[in-house]
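Chemist:
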Amino acid sequence: MPLEQWLSLASFVLVMVGTPGPNNLMLMASGVNFGVQRSLPHLSGVAFGCQILLVVAALGLGQLMALHPAANTVMQVLSALFLCYMAWLLVASRPEPQDSARGEGGQDARAAHPMSFWQATLFQWVNPKAWLITTVLVATYTDPAQMLESTARASLAFLVVGTPLLFFWNAAGQLLQQWIREGRRLLWFNRSMAVLLLGSLYPLVA
1 MPLEQWLSLA SFVLVMVGTP GPNNLMLMAS GVNFGVQRSL PHLSGVAFGC QILLVVAALG
61 LGQLMALHPA ANTVMQVLSA LFLCYMAWLL VASRPEPQDS ARGEGGQDAR AAHPMSFWQA
121 TLFQWVNPKA WLITTVLVAT YTDPAQMLES TARASLAFLV VGTPLLFFWN AAGQLLQQWI
181 REGRRLLWFN RSMAVLLLGS LYPLVA
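With the numbering used here applied, the sequence shown covers 1 to 206.
(1) Measure the Cβ-Cβ separation of serine 39 and glycine 49 and say whether it is below 8 Å.
(2) Measuring CB to CB, does leucine 78 end up less than 8 Å from valine 36?
(3) Give the straight-line distance between the Cα atoms of alanine 120 and glutamate 4, rounded to the nearest whole angstrom.
(4) Compare the Cα-Cα distances from isoleucine 52 to each of Trp169, Thr134, Thr142 and report the closest residue.
(5) Nearest to leucine 132 by alpha carbon, out of Ala58, Leu81, Ser8?
(6) Looking at valine 13: is its Cβ nearer than 8 Å to the Cβ of valine 161?
(7) Could you check whether methionine 193 and leucine 27 sit closer than 8 Å to each other, using their CB atoms as the reference points?
(8) With a 10 Å radius around its C-beta and 16 neighbouring C-beta atoms as the bar for buried, classify proline 114 as buried or exposed.
(9) Compute the Euclidean distance between the alpha carbons of threonine 19 and phenylalanine 123, then round it to the nearest angstrom.
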């Protein structure tokens with residue numbers, strides 16, 4: 001692949017993965033509430049799930065979904081329900097004690113936990129932005145005559161460019177953690193993240 005095509009592919013991943021979306025908002029919220037280390041399974045699940053989705057899109061599932069509006073509607077409903085559920089978890093969450101999950105309030109702290117690897121992986125199947133990124137990647141940057149090689153290049157670009165961007169959003173949340181945990185700021189932060197998550201449903205209902 002010529003250098004200019006690599007740059008175009010990298011720029012596309014940079015813009016699409018780096019801009020706010022359900023994954024980035026949830027990773028930032030996880031960074032604030034749990035820190036980077038505890039959020040690593042969540043982050044890894046997002047990266048892995050998008051890779052699986054990219055391969056599936058390359059195999060033609062994206063075109064198959066487009067040919068069957070009912071299946072697409074089901075995916076949209078599942079996406080909306082899951083995002084509403086995540087928004088509710090953020091609203092209903094209570095600040096975790098900064099020192100440990102034991103002692104007074106320990107029960108609530110143990111109940112709060114970041115998204116697991118498999119939860120984050122499966123979420124990509126109902127994440128509208130993940131579907132958009134992978135289907136456009138396949139349509140624009142893969143060659144049907146060399147599908148295996150071109151899909152591998154798109155996958156590599158996502159890993160090299162996209163994964164650090166996911167980490168950035170998660171780490172940005174942790175950097176804000178100390179300031180946000182003062183007073184009621186964490187409560188209002190989680191509520192704000194919930195509103196933004198619900199706002200990401202707009203492309204589904206517009």
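In this text, a Cβ means the ideal position worked out from N, Cα and C, and glycines have one as well.
Modeler: The answer reads as follows:
(1) no
(2) no
(3) 33 Å
(4) Thr134
(5) Ala58
(6) yes
(7) no
(8) buried
(9) 18 Å
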